[in-house]
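These notes are about the structure you will find just below.
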Amino acid sequence: GSPASKIADLRDAATKVVEQLLPDDGRPSRVRVALAPYAASVNAGAYFTAVTGQRSGTGCVVERSGGARFDEDAPSSSTYLGYNRNAPCPSATVQPLTSDRNTLTRQIGRMRASGQTAGHIGTAWGWYLVSPLWQGIWPSDSRPASYNPDKVTKAVLLMTDGEFNTEYVAANGSSSAQARALCRNMKNEDVIVYTV
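In the working numbering, each residue's number is its place in the sequence shown (first place is 1) plus 7.
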């Protein structure tokens, strides 16, 4: 609300999270952070073809349909993510797991608010970025570790304006219903879900 700005507050909070998780103290970090900027869709950037099976497109990815719609299954001919040419796409692209604090804070600083809120798509991408089933999609140094709650903590921090108002596959339910289903399934894999 005025005089504050939601996106400015989000950028500030996200930057502080990165600074806390990846302190600039010169020591190697075992922590990695990924980013999944979203609005009415997620911009898959260089990973667009791998996750949709489409040879060309704008990079704007939406939810998938079918049996994998609320799961972490890696993209394949039967589980590709949805693509909608008419979906508005954020300019910021996904950033796979990294411990490079400068890369993360630079990308956060470029985030701009636009379009509607497909919160379930952002929720799903939070899971995809930490899921070991997606190891084949990400570069080798960004591949998520296997599930092992005794040794590895996996968490998704969902930052949102709370107005989940855009979905593309009517049979999947509303954006908020889809987000809840994804969160339940993430938690069943011992992924911790935080929301702001």
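Glycine is no exception: its CB is placed at the ideal position from the N, C-alpha and C atoms.
In this structure valine 176 does not touch lysine 161 by the C-beta definition: roughly 26 Å separates them, more than the 8 Å allowed.
DSSP assignment within the region 40–124 yields the following whole alpha helix (DSSP H) runs of 4 residues or more, N-terminal first: 55–59, 108–116. Secondary structure of tyrosine 201 (DSSP, three-state): strand. Excluding the 5 residues flanking it on each side, alanine 99 has same chain C-beta neighbours closer than 7 Å at Pro44, Asn50, Gln114, Arg117, Met118, in chain order.
Contact between leucine 140 and aspartate 80 holds, since their C-beta atoms are separated by about 6 Å, short of 8 Å. Our two residues, proline 95 and threonine 59, have alpha carbons roughly 16 Å apart in a direct line. When DSSP reads this structure, alanine 162 sits in a beta bridge with Ile199.
Between the region 71–78 and the region 142–151 there are fewer than three inter-stretch CB-CB distances shorter than 8 Å, so the stretches are not counted as touching. Going by DSSP, arginine 18 is part of the alpha helix (DSSP H) stretching over 13–28. Around the beta carbon of threonine 130, 16 or more other beta carbons lie within 10 angstroms, which makes this residue buried. DSSP places glycine 180 in the coil class of the three-state scheme, outside both helix and strand. By a beta-carbon distance limit of 8 Å, glycine 122 does not contact serine 182. Their separation comes to about 13 Å. When C-beta atoms of the region 52–69 are compared with those of the region 99–112, three or more pairs fall below 8 Å, so the two segments count as touching. By the beta-carbon neighbour count (other beta carbons within 10 angstroms, threshold 16), tyrosine 201 is exposed.
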